[in-house]
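Scroll down for the structure; my scribbles are underneath it.
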Amino acid sequence: MSVAIVWFRRDLRLRDNPALQAAIEAGHTPLPVYIHAPEEEGAWVPGAASNAWLHHSLQGLDAELRSIGSSLVLRRGGSAEQLQALIAESGAEAVYWNRKYEPATQPRDAAIKRGLREQGVHAESHNGYLLFEPWELATLQGGPYKVFTPFWRNALGRWRLAALSEAPVQLSAHRITGVALEALGLQPRLGWDTGFWDRWQPGEAGALEALEAFTDGALNGYREQRDLPDRTGTSLLSPHLHFGEIAPWRIAHALEALRSAGRDADIDGYLRQLGWREFSWHLLHHFPQTSDSNLNPRFEHFAWAPSQPALLEAWQQGRTGIPIIDAGMRELWATGYMHNRVRMLVGSFLCKHLRMHWREGARWFWDTLVDADLANNSMGWQWIAGTGADAAPYFRVFNPVTQAQKFDPQARYISRWVPELAALPVKARFAPWQFPGLRAEHAPSYPGAPLVDLAEGREAALAAYHQCR
């Protein structure tokens, strides 16, 4: 049989893998390959937490392939050069892959496809990552959307889920060798990721287990529970989606199968979150500069605060003196994840109360989140900062104290991640500086005051916004 390279990238799964399926259906023997070329990601080389997850995910994919007779070939170096070497070594007649959509990788992949076809190698790419290609939905005028609601209305009007496909039962063995997984240098030397793996199971098997846990548990009451950080009220599928360990349409199929009169609101609520993921890739495709620049040009003249390394470091380390902010930043460091509601709060505090540029937050999240996704990260930070598409207006400044009281009313989330405050009465855990005696007695190691007075920070942010206008 002829050989076809199946180039794995952000699609580390065997089920619902259009490139793998197409190679098999064309009658080829698949040669599964992963090429590690982080320098080709441009300015957004994957961060440390992403690399730690990737190590385990590649390990899982190789184990799955070995269980059906094959294995994953790992290579390090330029993608085009490594593909040429693999073609020469294997005699491959075709290369199949699933598309990536980052601004740096789209032109690279297009050039690789052209080059392969010019030399007579069949090259074929597929959508293995999204429900809709980023260019597939357009306004009535034919342009890109900048507002989510009409985008999602259009998407729902064209709702056609891809069919599910199961993993191959058997693949042929091959003799092509690669580098050892450890040679890619993905795992941290100091082992700061040890706590991640009590919470996460990278790989396709972990993704399927997470989906089952979600449909059996947090999906029930999702609309009400998803904003409460003290419980498992969300799917926890975002890192699995980011690495392509599960297809979004498999999640959607699973939810659609559970529809009933009492569950529609929760199901629609979660599908809407998948819609935001689609919208973020739509935006990044049409406005590729938004990973680094404001979509709203007005903010090019905004008076961000001068660089303040000590304040930024205090925010990064969860030492701001505001418990809900510190809880979120410590959860991030310990687990590689932060609850979505809390992401909005820590982002608002950085961009508005401290008036630091959203890029500072985006870079930190990029390095520390296991679900660091360029489109979601860029859109999320610009939404928080008020500088992007469909963004929260800049003058909407979250009060982290009242937000904590509303969404963590018993301060359980705060107590878990800022344990030095657990001995305080609940009311004092939200704003311990308002209870100096109790704080000094029960939590003397916690900062005595926030980095910035919340009222003063809010007023300074609004003044800068009005001047910008």
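Here the sequence shown is numbered in my numbering, starting from 180 and rising by one per residue. Note that CB positions come from ideal geometry on N, CA and C, so glycine has one too.
Across the set Val-631, Gln-366, Trp-543, Asp-241, the C-alpha of Gln-366 shows the shortest separation from the C-alpha of Ala-231. Around the beta carbon of Phe-577, 16 or more other beta carbons sit within 10 angstroms, so the residue counts as buried. The C-alpha of Trp-428 lies about 16 Å from the C-alpha of Trp-460. Annotated three-state conformation of Ala-317 is coil, per DSSP. In terms of Cβ geometry, Leu-265 and Val-212 form a close pair [threshold 8 Å]. Beta-carbon to beta-carbon, Ala-634 and Ala-482 are separated by about 19 Å, too far to satisfy the 8 Å threshold.
A Cβ-Cβ contact shorter than 8 Å links Arg-608 with Ala-590. Judged by pairs of C-beta atoms under 8 Å, the stretch 579-587 touches the stretch 490-508, as three or more such pairs exist. Taking C-alpha positions only, Thr-394 is separated from Pro-217 by approximately 35 Å. Taking all protein chains in view, the Cβ of His-207 is crowded by 16 or more other Cβ atoms within 10 Å, so the residue is classified as buried. Taking 8 Å as the cut-off, the beta carbon of Pro-611 is found no closer than this to the beta carbon of Ala-601. Arg-456 counts as buried, since at least 16 other C-beta atoms from the protein chains shown sit within 10 angstroms of its C-beta.
For the 8 Å CB-CB criterion, Arg-520 and Asp-406 form a contact. Only residues of its own chain outside the window of five on either side were considered, and among them Leu-340, Leu-343 have a CB closer than 8 Å to the CB of His-432, listed in chain order. Within the DSSP bridge table, the entry for Phe-187 names Tyr-213 as partners. Under the 8 Å Cβ criterion, the stretch 267-275 does not count as touching the stretch 458-473, having fewer than three qualifying pairs.
Collapsing the DSSP output to three states places Leu-553 in a helix. Annotated as distal: Ile-425 and Ala-489, with beta-carbon spacing of 8 Å or more. DSSP lists no beta-bridge partner residue for Val-326. Sequence-distant Cβ neighbours of Leu-193 in its own chain, meaning closer than 7 Å and more than five residues away, are Leu-199, Glu-243, Ala-346, Pro-347, Glu-383.
Here Trp-545 is near Gly-226, since their CB atoms are less than 8 Å apart. The stretch 283-298 and the stretch 313-323 do not touch, with fewer than three beta-carbon pairs separated by less than 8 Å. Short of 7 Å from the beta carbon of Leu-641, and not among the five residues preceding or following it, lie these beta carbons of its own chain, in chain order: Phe-574. A Cβ-Cβ distance of about 6 Å is found for the pair Val-182 and Gly-270, placing them in contact under the 8 Å criterion.
The three-state secondary structure of Thr-514, taken from DSSP, is helix. Per DSSP, Val-252 is one residue of the beta strand (DSSP E) stretching across 252-255. Ile-563 places its beta carbon less than 8 Å from that of Trp-537. Secondary structure of His-536 (DSSP, three-state): coil. Of Gly-256, Gly-239, Glu-297, the smallest CA-CA separation from Ile-214 is found for Gly-256. The continuous stretches of alpha helix (DSSP H) do not include Asn-578, and DSSP gives it neither H nor E.
Within the same chain, Cβ atoms closer than 8 Å to the Cβ of Ala-359 are found at Leu-253, the five residues on either side in sequence being excluded. By the C-beta density criterion, His-234 is buried, having at least 16 other C-beta atoms within 10 angstroms. Around the beta carbon of Pro-572, fewer than 16 other beta carbons lie within 10 angstroms, which makes this residue exposed. Under the three-state reduction of DSSP, Tyr-592 is assigned to helix.
Taking C-alpha positions only, His-301 is separated from Ala-267 by approximately 14 Å. With a 10 Å radius around the Cβ and a threshold of 16 neighbouring Cβ atoms, Arg-188 comes out buried.
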